[in-house]
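S.K.:
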Amino acid sequence: MIVPEDFDIRYSTLEDLPILQNWFADPLEREPFPFDTDIETEDVLKNWIGFARFKAALTGTLGEVPCAMGTLLLMPYRKVAHHGSFYLIVDPKHRQKGIGTSMVLNLLHLAKTRFSLESISVEIYEPNSILSILEKNRFQMFARQENFVKINGHGHARVLMERFFQ
Amino acid sequence: MTQNKLISIRFGIQEDMGCLIEWLQQPGVLQWFPLADTREIEDAARIWISNIKFNSVLTALWDGQPCGIATLYIQPFKKLAHQSLFAIIVDEKFRGKGVGARLLTDLEKLAKEQFQIELLHLEVYEGNPAIHLYQRLGFLQYGYQRHFIKQNDQYLGKIMMQKVL
Numbered sequence: 057m058i059v060p061e062d063f064d065i066r067y068s069t070l071e072d073l074p075i076l077q078n079w080f081a082d083p084l085e086r087e088p089f090p091f092d093t094d095i096e097t098e099d100v101l102k103n104w105i106g107f108a109r110f111k112a113a114l115t116g117t118l119g120e121v122p123c124a125m126g127t128l129l130l131m132p133y134r135k136v137a138h139h140g141s142f143y144l145i146v147d148p149k150h151r152q153k154g155i156g157t158s159m160v161l162n163l164l165h166l167a168k169t170r171f172s173l174e175s176i177s178v179e180i181y182e183p184n185s186i187l188s189i190l191e192k193n194r195f196q197m198f199a200r201q202e203n204f205v206k207i208n209g210h211g212h213a214r215v216l217m218e219r220f221f222q
Numbered sequence: 046m047t048q049n050k051l052i053s054i055r056f057g058i059q060e061d062m063g064c065l066i067e068w069l070q071q072p073g074v075l076q077w078f079p080l081a082d083t084r085e086i087e088d089a090a091r092i093w094i095s096n097i098k099f100n101s102v103l104t105a106l107w108d109g110q111p112c113g114i115a116t117l118y119i120q121p122f123k124k125l126a127h128q129s130l131f132a133i134i135v136d137e138k139f140r141g142k143g144v145g146a147r148l149l150t151d152l153e154k155l156a157k158e159q160f161q162i163e164l165l166h167l168e169v170y171e172g173n174p175a176i177h178l179y180q181r182l183g184f185l186q187y188g189y190q191r192h193f194i195k196q197n198d199q200y201l202g203k204i205m206m207q208k209v210l
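Listed in order, the protein sequences are those of chains D and E. Going left to right, the first sequence walks through residues 57 to 222 as our numbering numbers them. Going left to right, the second sequence walks through residues 46 to 210 as our numbering numbers them.
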């Protein structure tokens, strides 16, 4: 899949928060994430955009208009600082254009080059469309936990996947 | 195991934080935690003890003296409220006396009856002798993350275990 010609990626800024909030205003968009209520969502998104201060968050743009955002979640303690995780969302209007794959690859590059991470893990709830992107990019499952999350009262498994850089 | 009458359990209180910090600093203990120095220990102890506001921290007393602490990390998200991660530590002077088993048995009861927890889970580093206790109490491994801990260029994997209540 070839991404649109005017697609670009820049570091996220704190000013991107309203766009992120707008995408997550739809409760359907919150389903792949642990947060759900408005208060939970507000707290997490503030934390998410806070990683922009460390240049750990990326914003994808189409003609300078944000169309995707992702952030590395860095670990707070030294013995585990060699690995991290990430959150990612693509504007629902711009899915199936290769933007998600490009964002994942750029987050991996950022993790490896700027933060010298040795691996990146991701937590997803089944079913999740990002699974195929992760598998294509050499993420491997290391844990699967049934009924970890309840979405609309139904239990779903969480799958933990990891990609090592070496 | 017969219940040791010297062991009693109460809810954790703020003053238990000193014991927690002291036990984390006992020789050899930090190899089983992701913490490396005093700042990290104090930070983790603050988070651990902050759960007293939910009454999800249990402190074991041996003849009235704190000898172990276990905590349910109550999930901040509604979608995850039916499950909980927990952590436990026992003062080195009181290991092998049934303190850990008593704490975990009471924590499991608390989780089920007070918090309607359906799934209790833990993370433990490979080689930790506590794994045998978790297995004996019915916890089963559901995942393994290699290279989770890195210290002095040596890696240690993380074993993830759970019990359906």
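We put the beta carbon where it would ideally sit given N, CA and C, even for glycine.
(1) Taking the C-alpha atoms as reference points, what is the distance between Ala81(D) and Cys64(E)?
(2) Note the first and the last residue of the continuous beta strand (DSSP E) segment covering Val100(D).
(3) Could you tell me whether any Cβ in chain D is nearer than 8 Å to the Cβ of Lys195(E)?
(4) Using three-state DSSP, classify Ser141(D) as helix, strand or coil.
(5) At a CB distance below 7 Å, what residues from the region 68-91 of chain E approach chain D? Give them in sequence order.
(6) Count Cβ pairs between the region 196-208 of chain D and the region 131-146 of chain E that sit closer than 8 Å; are there 3 or more?
(7) Can you check which of these residues, Leu210(E), Gln199(E) and Ile162(E), is closest to Leu117(E) by C-alpha distance?
(8) For Phe195(D), collect the residues of the same chain with a Cβ closer than 6 Å to its Cβ; drop the 5 residues on either side in sequence, then sort them by chain order.
(9) Around the Cβ of Tyr189(E), are there at least 16 other Cβ atoms within 10 angstroms (buried) or fewer (exposed)?
(10) Which residues in the same chain as Arg200(D) place their Cβ atom closer than 8 Å to its Cβ, once the five residues preceding and following it in sequence are excluded?
(11) In this structure, does DSSP put Ile139(E) in helix, strand or coil?
(12) In three-state terms, what does DSSP make of Lys123(E)?
(13) With burial defined as no fewer than 16 other Cβ atoms inside 10 Å of the residue's Cβ, what is the status of His150(D): buried or exposed?
(14) Is Tyr143(D) near Leu129(D), with beta carbons less than 8 Å apart?
(15) Kindly give me the distance between the Cβ atoms of Lys124(E) and Pro90(D), rounded to whole angstroms, as I take these residues to be in contact under 8 Å.
(16) Check Gln207(E) in the structure and name its three-state DSSP category.
(17) With a CB to CB cut of under 6 Å and the five nearest residues on each side skipped, what residues in its chain are close to Ile94(E)?
(18) Could you spell out where the beta strand (DSSP E) holding Ala90(E) opens and where it closes?
(19) Which residues in chain D have a C-beta closer than 7 Å to the C-beta of Leu125(E)? List them in chain order.
(20) Where DSSP assigns a beta bridge to Lys209(D), which residues make up the other side?
(21) Of all the CB atoms in chain D, is at least one closer than 8 Å to the CB of Phe122(E)?
M.R.: This is what the structure gives:
(1) 44 Å
(2) No beta strand (DSSP E) contains Val100(D), which is instead part of the alpha helix (DSSP H) from Asp94 to Gly106.
(3) yes
(4) strand
(5) Pro79, Leu80, Ala81 and Glu85
(6) no
(7) Ile162(E)
(8) Met217 and Arg219
(9) exposed
(10) Ala213, Arg214, Val215 and Leu216
(11) For the sequence presented, residue 139(E) should be read as Phe rather than Ile. In the structure shown, Phe139(E) sits in a helix (DSSP, three-state: H, G or I).
(12) helix
(13) buried
(14) yes
(15) 6 Å
(16) strand
(17) Met62
(18) Taken as a continuous stretch (DSSP letters only), Ala90(E) belongs to no beta strand (DSSP E), being part of the alpha helix (DSSP H) at Thr83 to Ser95.
(19) Pro90 and Val205
(20) Here the sequence assigns Gly to residue 209(D), which means Lys is not the residue at that position. DSSP output for Gly209(D) lists no bridge partner at all.
(21) yes
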